[in-house]
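In this note's numbering, the protein residues as written are 29 to 412.
Heads up, the thing below is written out as structure tokens.
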Amino acid sequence: MRKIMAGIIGAGFISLSHLDAIRRIGFADIVGITDVNYELAKKKAEEYGIPKCYRSVEELLADDNINVVHNCTPNHLHLEINKKIIKAGKHVFSEKPLAMNTTESQEMLDLVNEHKELVHGVNFNYRMNPLVQDIKHKISNGEIGTPKLIHGSYLQDWLLFDTDYNWRLEPEIGGASRCIADIGSHWMDMAQTVTGAKITEVCADLVIVLPVRKKTKSMVETFSQNTDMEYEEKEIKTEDYGAVLFKMDNGCHGVFHASEVSAGRKCYLNIEVNGTKASLYWNQENADHMWMGFREQHNMQIMRNPLLVDPKVQPYTYLASGHPEGWNDAIKNNIYSFYKFIVDGKEIGKDSCDFATFKEGHYILKLTEAILESNKDRKWVKLV
Ligand SMILES: NC(=O)c1ccc[n+]([C@@H]2O[C@H](COP(=O)([O-])OP(=O)(O)OC[C@H]3O[C@@H](n4cnc5c(N)ncnc54)[C@H](O)[C@@H]3O)[C@@H](O)[C@H]2O)c1
């Protein structure tokens, strides 16, 4: 099998999960890494035994040994860097949200459509959890009847205090939506994945819980503690919390809410689907377990078991039951699936795939913009 050789741009929080995944795929290897902060990239390269550390994006893209590039930079750089990756003739695996807005994501979509030889993906990783795939297959097998209602949340607390600061709080870097674009996007992707349907109408209430925050002189890596005492006050323009009612094109109605200021909640992403015969519930903080509820028989607690899941779900799970699989495993599944698509010589648009492509990343941005519009105009917004 042809070997995939990867490069990573951006050496922050998420890059290590990409690196871990690349190294767990038998037919792939890491070639090198770059970051605008060269010292950081060098430190990570030394610490993790990454062969090369480049001084610029251009230098990485000029390396003929690399055929897939992972874009792990902040949101405002996704357009510029993804375009450079595509123009360099390399497959692109981008972090989410795909872009700052739909004008940018449309531009990327147009570009990849001109380059059918290249594979493009967006890291909507939660869809690749084995039990999320199990929910998807149980629904498509008719095990819960017709899905009618879908609801859940994604709650975190890492921006709870006014001293918590990160680039995501600055609209010029993170985008006009924060909480919805950053984590609500994952929830929407998961809801669409398990139902195989699209969210087509939204009605949203977005809240800025902390209108002023203290920006420290030094920026810290995502989820890290800042100990810098020197700060300036900054007005906050993006939501800490969002609640969204929605309708789907399969007739499902639903609601989800997302928060970055819910004390005690870390990565509390949960989803429940109620069908005409049964319900299914999953929470990623307890990723190896799932609940199935019935009206006229006992409810079930299901523990992930590779030997008992539907054969279609088996490729997403490998550890024996009772040996927890979780967050990095889902990212590995996503990157494995993306790489396998490449080595199998498949083409986006022609062959089906289970990872999110730029088209899906673009649709999630359309939903995010509809949510912003709905909140601003205090009305339902329908996607055309
Ligand atoms: N899929 C997920 O679950 C998930 C989780 C976390 C972050 N993310 C996404 O990953 C991206 C990065 O987030 P993060 O949390 O790792 O941020 P981070 O701040 O920890 O890391 C970003 C890195 O990019 C570097 N960078 C900035 N400008 C650059 C440039 N011009 N060239 C090269 N490197 C540059 C920064 O120096 C930093 O090291 C974001 O788009 C975010 O939404 C996704």
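Virtual Cβ for every residue (Gly too), placed ideally from N, Cα, C.
- Relative to ligand 1, the beta carbon of Val150 is positioned no closer than 6 Å to any heavy atom.
- When DSSP assignments are scanned along the region 264–308, the uninterrupted stretches of beta strand (DSSP E) that are 3 or more residues long and fall wholly within it turn out to be 269–276, 281–287, 296–303.
- The residue from Tyr309, Glu288, Tyr182, Lys115 with its alpha-carbon nearest to that of Met318 is Tyr309.
- Within the same chain, and ignoring the five residues on either side of Met218 in sequence, the residues whose Cβ sits closer than 7 Å to its Cβ are Tyr154, Arg155, Val160, Ile299.
- Val140 and Pro102 have their C-alpha atoms some 21 Å from each other.
- The nearest non-hydrogen atom of ligand 1 is 6 Å or more from the C-beta of Thr223.
- Under the rule that a run must span 4 or more residues, the alpha helix (DSSP H) segments found entirely inside the region 48–97 read 66–76, 85–89.
- Cβ-Cβ separation between Tyr193 and Lys243: approximately 5 Å, consistent with a contact (criterion under 8 Å).
- In this structure, Ile359 sits near Ser45, with a CB-CB distance shorter than 7 Å.
- Contact annotation, Ile32 with Leu47: C-beta distance approximately 14 Å; criterion of less than 8 Å not satisfied.
- Within the model, the alpha-carbon separation for Tyr346 versus Cys100 is close to 27 Å.
- Taken through DSSP and simplified to helix, strand or coil, Asn311 comes out as strand.
- Per DSSP, Ala398 is one residue of the alpha helix (DSSP H) stretching across 386–405.
- The Cβ-Cβ distance between His179 and Gly282 falls below 7 Å.
- Pro175: member of the beta strand (DSSP E) spanning 175–183, first to last residue.
- Residue range 227–235 is occupied by the beta strand (DSSP E) that includes Val235.
- The C-alpha of Ala116 is placed about 18 Å away from the C-alpha of Cys81.
- In the three-state scheme derived from DSSP, where H, G and I count as helix and E and B as strand, Asp379 is classed as strand.
- Apart from the 5 residues on each side of it in sequence, Arg241 sits with its Cβ closer than 8 Å to the Cβ of Asp190, Thr191, Asp192, Tyr193, Leu197, Glu261, Lys262, Ile264 in its chain, given in chain order.
- In the DSSP assignment, Thr345 falls outside any alpha helix (DSSP H) and carries neither an H nor an E.
- In the same chain as Cys381, and ignoring 5 residues on each side of it, the C-beta atoms closer than 6 Å to its own belong to Phe369, in chain order.
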